[in-house]
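Q: Chains as they are written, first to last, in my numbering: chain L, 144 to 220; chain Z, 108 to 255; chain U, 108 to 255. All C-beta atoms, glycine included, are put in the ideal place defined by N, C-alpha and C. Next up is a structure, given as structure tokens.
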Amino acid sequence: IGEIQRYLRDDRVVKVSRTIRDHTIRIKQQMEAFQKEHERNPTLNEISQLLDMKIEDVVLAFDALRDPASLHEQLQE
Amino acid sequence: MNNALEVRFPALSENEALARLIISAFLAPIDPLVEELAEFKTSLSEAVTNAIIHGYDESEDGWVYVTARIEEHTVTVEIRDEGAGIPDIELAREPLYSSRAHEERSGMGFTIMESFCDEVTIHSSNGLGTTIQLIKHFTPTASFSQVN
Amino acid sequence: MNNALEVRFPALSENEALARLIISAFLAPIDPLVEELAEFKTSLSEAVTNAIIHGYDESEDGWVYVTARIEEHTVTVEIRDEGAGIPDIELAREPLYSSRAHEERSGMGFTIMESFCDEVTIHSSNGLGTTIQLIKHFTPTASFSQVN
Ligand SMILES: Nc1ncnc2c1ncn2[C@@H]1O[C@H](COP(=O)(O)OP(=O)(O)O)[C@@H](O)[C@H]1O
Ligand SMILES: Nc1ncnc2c1ncn2[C@@H]1O[C@H](COP(=O)(O)OP(=O)(O)O)[C@@H](O)[C@H]1O
Ligand SMILES: [Mg+2]
Ligand SMILES: [Mg+2]
Chain L
144 IGEIQRYLRD
154 DRVVKVSRTI
164 RDHTIRIKQQ
174 MEAFQKEHER
184 NPTLNEISQL
194 LDMKIEDVVL
204 AFDALRDPAS
214 LHEQLQE
Chain Z
108 MNNALEVRFP
118 ALSENEALAR
128 LIISAFLAPI
138 DPLVEELAEF
148 KTSLSEAVTN
158 AIIHGYDESE
168 DGWVYVTARI
178 EEHTVTVEIR
188 DEGAGIPDIE
198 LAREPLYSSR
208 AHEERSGMGF
218 TIMESFCDEV
228 TIHSSNGLGT
238 TIQLIKHFTP
248 TASFSQVN
Chain U
108 MNNALEVRFP
118 ALSENEALAR
128 LIISAFLAPI
138 DPLVEELAEF
148 KTSLSEAVTN
158 AIIHGYDESE
168 DGWVYVTARI
178 EEHTVTVEIR
188 DEGAGIPDIE
198 LAREPLYSSR
208 AHEERSGMGF
218 TIMESFCDEV
228 TIHSSNGLGT
238 TIQLIKHFTP
248 TASFSQVN
């Protein structure tokens, strides 16, 4: 059973949506920390370096972060 | 850095997400600030959604054309459809105006594009289609100190 | 799910990464397995690099054309250049054969495409250009129980 579980956790059966979700959470946390420390938002490269993530993965995961609700608040200000 | 990209895809609503990702990928080499990238992608989404919903009425199977170019830190993107066209451009640009106000459209599409881009140009002819040109100057980031 | 995408970009080496990302974005809706997506992107990279290096000799400013379509879980991608063409296709397909063996080319491009895709078709005419068609059947993932 341990072997089967290990196989299931192996990359071979991981779906792309799953990795994107994991990356999105890490990026969101990193962006907040970066903003606090540097008082500006990071660039794509800065996120990729800080998280040791490929630019490709950052681009894909970053898109999942959008939040239309906060956008409309922003426009009303 | 200079580069160019031309794309077309069918007018399916799921291709709004595709267009956003393609533009992120195209802009990655200029290393944009994530906020500026998000703003630009939001503008692009609005234009692509308009092409699909208003241009093609969601039903027709037309193509949406997106062309993009980078010249140093200035990005120019054109979103084109061969759909209905906009009868009154002045009216369309007005905040809160929507020809489909009865549906859940906000009428804020052009207002969003204008607030997030440096230039928004609309060309449209009735029955022939619409081209929206978005121009945005991105902050050069090469000078930012290396983070660790 | 069915969808289509047509793209062209200049033959710059940095656009290999762009092509990879565009294909990831295009395939995201079928939610591929990480491994199968990585295999397919690697195949695409080989074909795009070939178009840029062998087709256009890196110097010319030609366009690379990529078209993609999804039919259910079968993905078909064509990579086309209007460059030099391949004089001997049989020879080109051979493992370890490279017309630029003196450089750091491995001669494994077509071997990689063939091992990662279900079908690899080459059309080429001397002086007119080359089209590579890659077909891959992706494992449907919707029925998979979420792991972890
Ligand atoms: N590509 C297009 N083709 C035809 N009409 C369009 C197009 N884009 C915008 N319009 C018109 O402009 C109006 C305003 O657009 P917008 O500000 O995005 O608001 P909304 O999409 O919420 O209606 C739309 O309601 C529509 O009548
Ligand atoms: N798009 C192309 N245009 C012209 N020649 C090509 C093209 N693609 C491949 N070739 C030829 O096929 C050979 C084998 O390609 P490949 O297996 O990718 O090896 P490599 O790229 O390492 O040389 C190349 O060396 C080149 O001569
Ligand atoms: Mg709109
Ligand atoms: Mg090769």
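#1: In chain order, which continuous runs of the alpha helix (DSSP H) of length 4 or greater are located wholly inside the segment 194 to 246 of chain U?
#2: Could you tell me which chain L residues have their CB closer than 8 Å to the CB of Z:Phe-251, listed as they occur along the chain?
#3: When the cut-off is 8 Å and only beta carbons count, does U:Ile-129 lie next to chain Z?
#4: In three-state DSSP terms, what is L:Asn-184?
#5: Rounded to the nearest angstrom, what separates Z:Leu-112 and Z:Glu-178 at their Cα positions?
#6: By the 10 Å Cβ neighbour count, where 16 or more other Cβ atoms means buried, how is Z:His-209 classified, buried or exposed?
#7: Would you say L:Thr-167 faces chain U, with C-beta separation under 8 Å as the test?
#8: Just how far apart, CA to CA, sit Z:Leu-151 and U:Tyr-204?
#9: Please tell me whether, using a cut-off of 7 Å, the distance from the CB of U:Thr-315 to the nearest non-hydrogen atom of ligand 2 is below it.
#10: Could you say which of U:Asn-233, U:Val-155, U:Gly-214, U:Phe-147 lies nearest to U:Asp-225 if we only look at CA atoms?
#11: Can you name the start and end residues of the alpha helix (DSSP H) that U:Thr-183 belongs to?
#12: What residues of chain U sit near Z:Arg-115, judged by a beta carbon separation below 7 Å?
#13: Could you pull the start and end residues of the alpha helix (DSSP H) that L:Val-202 belongs to?
#14: Counting only beta-carbon separations shorter than 8 Å, does Z:Ala-132 have a partner in chain U?
#15: In the structure shown, what three-state DSSP assignment does Z:Phe-116 receive?
#16: My understanding is that U:Gly-169 touches U:Gly-190, with C-beta atoms under 8 Å, so please give their C-beta distance in whole angstroms.
#17: Could you check if U:Glu-153 belongs to the surroundings of ligand 5, using beta carbon to heavy atom distance under 7 Å?
#18: Which residues in the same chain have their Cβ closer than 6 Å to the Cβ of Z:Ala-118, if we skip the five residues on either side of it in sequence?
#19: Are the C-beta of U:Pro-247 and some C-beta of chain L separated by less than 8 Å?
#20: Select from U:Pro-202, U:Ile-186, U:Pro-247 the residue whose C-alpha is nearest the C-alpha of U:Ser-231.
#21: My output table needs one value for U:Glu-191: the three-state DSSP class, helix, strand or coil.
#22: According to DSSP, is Z:Glu-178 helix, strand or coil?
#23: Please list the terminal residues of the continuous alpha helix (DSSP H) segment that includes Z:Thr-149.
#24: Quick check: the Cα distance between U:Ile-196 and U:Leu-241, rounded to an integer number of angstroms?
#25: If we define contact as Cβ-Cβ less than 8 Å, is L:Pro-211 a contact residue for chain U?
#26: Is the beta carbon of U:His-230 within less than 7 Å of some heavy atom of ligand 1?
#27: State the CB to CB distance for the pair Z:Leu-140 and L:Asn-188, rounded to an integer number of angstroms; the pair is presumed to be in contact (CB under 8 Å).
#28: Per DSSP, what are the beta-bridge partners of L:Lys-171 in this structure?
#29: What residues in the segment 135 to 150 of chain U have a beta carbon less than 8 Å from any beta carbon of chain A?
#30: Out of curiosity, what's the CA-to-CA distance linking Z:Asn-233 and Z:Ile-193?
#31: Hey, could you find the ends of the alpha helix (DSSP H) Z:Ser-131 is sitting in?
#32: Counting only beta-carbon atoms, is L:Leu-84 nearer than 8 Å to chain U?
#33: Under three-state DSSP, which class holds L:Ser-213?
#34: Among residues of its own chain, excluding the 5 on either side of Z:Phe-245, which ones have a beta-carbon nearer than 7 Å to its beta-carbon?
A: Taking the definition as stated:
#1: 196 to 200, 216 to 223
#2: Thr-186, Glu-189
#3: yes
#4: coil
#5: 12 Å
#6: exposed
#7: no
#8: 44 Å
#9: No answer is possible for residue 315 of chain U: it lies beyond the span of chain U, which begins at 108 and ends at 255.
#10: U:Phe-147
#11: Unbroken run through U:Thr-183 is the beta strand (DSSP E), 181 to 188; no alpha helix (DSSP H).
#12: Glu-113
#13: 198 to 206
#14: yes
#15: strand
#16: 6 Å
#17: Questions concerning ligand 5 fall outside what the structure shown contains, since the ligands it does hold are ligand 1, ligand 2, ligand 3 and ligand 4.
#18: Ile-159, Tyr-163, Gly-169, Val-171
#19: no
#20: U:Ile-186
#21: Reading off the sequence, residue 191 of chain U comes out as Ala, not Glu. Coil at U:Ala-191, not helix or strand.
#22: strand
#23: 141 to 157
#24: 16 Å
#25: At L:Pro-211, the pLDDT of 45 sits below 50, so the modelled position is not reliable; the number obtained from the coordinates is stated separately. L:Pro-211 does not count as touching chain U.
#26: no
#27: Between L:Asn-188 and Z:Leu-140 the Cβ distance is about 10 Å, and since that is not below 8 Å, they are no contact.
#28: According to DSSP, which records beta bridges pairwise, L:Lys-171 is partnered with nothing at all.
#29: Within the model displayed, chain A is absent; protein chains L, Z and U are what it includes.
#30: 6 Å
#31: 122 to 134
#32: Because chain L is modelled from 144 through 220, residue 84 of chain L falls outside the range shown and cannot be assessed.
#33: Note that L:Ser-213 scores 47 on pLDDT, short of 50, meaning its location in the model is unreliable; the coordinates nonetheless yield the value given after this. L:Ser-213: helix per DSSP, three-state reduction.
#34: Ile-137, Pro-139, Glu-143, His-180, Val-182
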